[in-house]
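Below: one structure, written as structure tokens.
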Amino acid sequence: MDVCKLITGFNLEDVVVFDTETTGTTGRDEIISISIVDVHGNDIFTSLIKPKHHISWIEAERVNHISPSMVQSAPTIDECVEVIARAFSGKLIVGYNVDFDIRMLRQSLKDDIGISRAATFDVMKEYARVHGRRRWPDSGRYKYSKLVECAEDYGYRFDAHDAQKDAIATAYCFMSLITDESYIRYAL
158 MDVCKLITGF
168 NLEDVVVFDT
178 ETTGTTGRDE
188 IISISIVDVH
198 GNDIFTSLIK
208 PKHHISWIEA
218 ERVNHISPSM
228 VQSAPTIDEC
238 VEVIARAFSG
248 KLIVGYNVDF
258 DIRMLRQSLK
268 DDIGISRAAT
278 FDVMKEYARV
288 HGRRRWPDSG
298 RYKYSKLVEC
308 AEDYGYRFDA
318 HDAQKDAIAT
328 AYCFMSLITD
338 ESYIRYAL
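Going by my numbering, 188 is the number at position 31 of the sequence shown; the sequence numbering is gapless.
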């Protein structure tokens with residue numbers, strides 16, 4: 158039995174990793190880029206996304222370098238819903254701060270597509286359990302590391318804030334984490 162199945166209950170082939178880039182972080186913001194990859198970083202679906210309500214996102218653009226003109230001819234998230242739903246169906250959904258990406262996906266879509274019931278694995282939270290610094294002595298709570306920090310710790314370097322590059326880095330971190338002896342001792 159592989160270690161992924163032991164730790165997560167899912168075989169490696171039943172795991173997808175995803176990331177989004179957004180117009181911001183509020184309850185009214187939207188996805189402007191999404192990438193879904195397998196655990197080896199192979200692309201399943203990647204696309205720029207034309208938001209339905211936002212026409213500019215100055216602060217987010219400074220971070221993710223996605224301009225309104227870049228998404229002008231891109232599909233809307235609703236036009237991509239079938240491929241996203243197929244990619245997620247019956248899979249363990251892995252992400253780095255996955256709750257944020259799931260929330261952004263839910264608020265951008267008309268339909269839930271089953272993501273509220275989907276199994277998820279948050280590399281950020283799980284990495285912090287074995288490699289995070291305690292927030293306060295004896296609190297049991299940890300500071301979360303940025304994706305680039307987690308990736309560097311496992312020997313991987315990349316340019317952050319690109320959905321596809323972040324998804325690939327997260328897949329690498331997921332595979333590194335589930336084979337990390339410190340994490341295996343914790344998880345099992």
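Yeah, the Cβ is synthetic: ideal placement off N, Cα and C, and Gly gets one too.
Identity of the residue in the options nearest residue i by Cα
i      : options                        : result
Lys248 : Met332, Leu334, Gly166, Phe331 : Gly166
Leu334 : Val287, Ile325, Lys207, Leu205 : Val287
Lys282 : Leu304, Glu170, Gln264, Leu262 : Leu304
Lys209 : Ala317, Met332, Gln229, Tyr313 : Gln229
Tyr301 : Gly252, Gly289, Gly312, Arg314 : Gly289
Thr203 : Val240, Trp214, Tyr340, Asn168 : Val240
Glu309 : Thr183, Phe245, Glu338, Tyr284 : Tyr284
Asn254 : Arg342, Phe278, Tyr311, Gly312 : Phe278
Glu218 : Arg342, Tyr340, His318         : His318
Gly252 : Ser226, Thr336, Cys307         : Cys307
Under 8 angstroms between C-beta atoms of residue i and residue j
i      : j      : result
Val238 : Asp268 : yes
Thr346 : Asp186 : Here the chain has residues from 158 to 345 only, and residue 346 is not among them.
Val194 : Val174 : yes
Ala231 : Ile270 : no
Ile215 : Met261 : no
Phe331 : Val280 : yes
Ile119 : Leu266 : In the structure as shown, the chain begins at 158 and stops at 345. Residue 119 is therefore absent and cannot be evaluated.
Gly184 : Gln264 : yes
Gly198 : Ala328 : yes
Contact belief for residue i with residue j at Cβ below 8 angstroms, rounded distance in angstroms
i      : j      : result
Val355 : Val172 : Examination of residue 355 is not possible in this model, given that the chain is present from 158 through 345 alone.
Ile191 : Ile212 : At roughly 19 angstroms, the Cβ-Cβ gap does not stay under 8 angstroms, so Ile191 and Ile212 are not in contact.
Leu163 : Leu345 : 6 angstroms
Cβ-heavy atom distance, residue i to the ligand PLP, below 7 angstroms
i      : result
Tyr329 : This structure simply doesn't include the ligand PLP, nor any ligand for that matter.
Any 3 or more C-beta pairs closer than 8 angstroms across the stretch 272-279 and the stretch 315-330: no
4 or more residues per run - each alpha helix (DSSP H) lying fully within the stretch 223-296: 225-228, 234-245, 255-265, 280-288
Those runs of the beta strand (DSSP E) which lie wholly inside the stretch 158-194 and span at least 3 residues: 172-179
Entirely enclosed alpha helix (DSSP H) segments - the stretch 300-337, minimum 4 residues: 304-310, 320-335
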